[in-house]
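Structure first, commentary second.
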Amino acid sequence: RVLELLKQASHDLKSNPSQRIAESNSSAIKALLELENESDTILCDPNLTQLSQHLSYLKTLVATLHKTRDHSLRSFLSRRVAESIESELQAWIDRESIESLVIRLQLLPSESPDSDEEAELTHLLTQFRVRLSQGFNRELQDLVLKAGIFSE
Numbered sequence: 733r734v735l736e737l738l739k740q741a742s743h744d745l746k747s748n749p750s751q752r753i754a755e756s757n758s759s760a761i762k763a764l765l766e767l768e769n770e771s772d773t774i775l776c777d778p779n780l781t782q783l784s785q786h787l788s789y790l791k792t793l794v795a796t797l798h799k800t801r802d803h804s805l806r807s808f809l810s811r812r813v814a815e816s817i818e819s820e821l822q823a824w825i826d827r828e829s830i831e832s833l834v835i836r837l838q839l840l841p842s843e844s845p846d847s848d849e850e851a852e853l854t855h856l857l858t859q860f861r862v863r864l865s866q867g868f869n870r871e872l873q874d875l876v877l878k879a880g881i882f883s884e
């Protein structure tokens, strides 16, 4: 849920960069910069190196863009950084979701699962279906293939 909120914050920033970047105290900027401040503990996973770099760049960009008057450049750079952050957050969400789905499928008992297990598996499969319906994504495809979801 937290990752989804962070992804939404980066999406908001991408959708309206000139307004958001000018307000460095906006909730979207605050949320993303807070994640950057916690990068030593939260983002130490090697899979999150790119996200950490993008967040660091956002912090620098916020500081630098307050000094510039070129709104078109500000908007362009803000949109690019927000798009990169959103993409990395989606990749993180995908990794977590695929991992949860694989674990749940591996723990599936040979006999009928109880209603709680079935509800959780249904929820995970629904999330997976929704993600797949968003269109082709090479990184997601690689995750699914490497996880062996469709293997025996």
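The sequence shown begins at 733 in this note's numbering and counts up one residue at a time.
Glycine included, each C-beta is placed from N, C-alpha and C at the ideal position.
(message) I'd like to know whether the C-beta atoms of Glu850 and Ser742 end up nearer to each other than 8 Å.
(response) Within the sequence shown, the letter at position 118 stands for residue 850. Within the sequence shown, the letter at position 10 stands for residue 742. Contact flag unset, no.
(message) Is it buried or exposed, His786, if we count other Cβ atoms within 10 angstroms and call 16 or more buried?
(response) If you number the sequence shown from 1, residue 786 lands on position 54. His786 is buried by the Cβ-count criterion.
(request) Quick one: using the 10 Å Cβ neighbour count with 16 as the cut-off for buried, is Gln873 buried or exposed? (result) By one-based count along the sequence shown, residue 873 stands at place 141. Gln873 comes out exposed.
(request) Note down, one range per segment and in chain order, each alpha helix (DSSP H) of at least 4 residues found wholly within the segment 832-873. (result) 847-864
(request) Leaving aside the five residues before and after Ser883 along the sequence, list all residues of the same chain whose C-beta is less than 6 Å from its C-beta, in chain order. (result) Indexing the sequence shown from 1 puts residue 883 at position 151. Counting only Cβ-Cβ distances below 6 Å, and skipping sequence neighbours, we find nothing.
(request) Pick helix, strand or coil for Asn769, following the three-state DSSP scheme. (result) Residue numbering aside, residue 769 sits at position 37 when the sequence shown is read from its first letter. Asn769: helix per DSSP, three-state reduction.
(request) Run the CB neighbour count on Glu795, radius 10 Å, all protein chains shown included, and call it buried at 16 or more, exposed below. (result) Within the sequence shown, the letter at position 63 stands for residue 795. Checking the sequence, you will find Ala at residue 795 rather than Glu. When all chains shown are included, Ala795 counts as exposed.
(message) For Gln822, which residues in the same chain have their Cβ closer than 7 Å to its Cβ, ignoring the five residues on either side in sequence?
(response) What you label residue 822 is simply residue 90 of the sequence shown in a count that begins at 1. Within the same chain, Gln822 has close Cβ partners Lys739.
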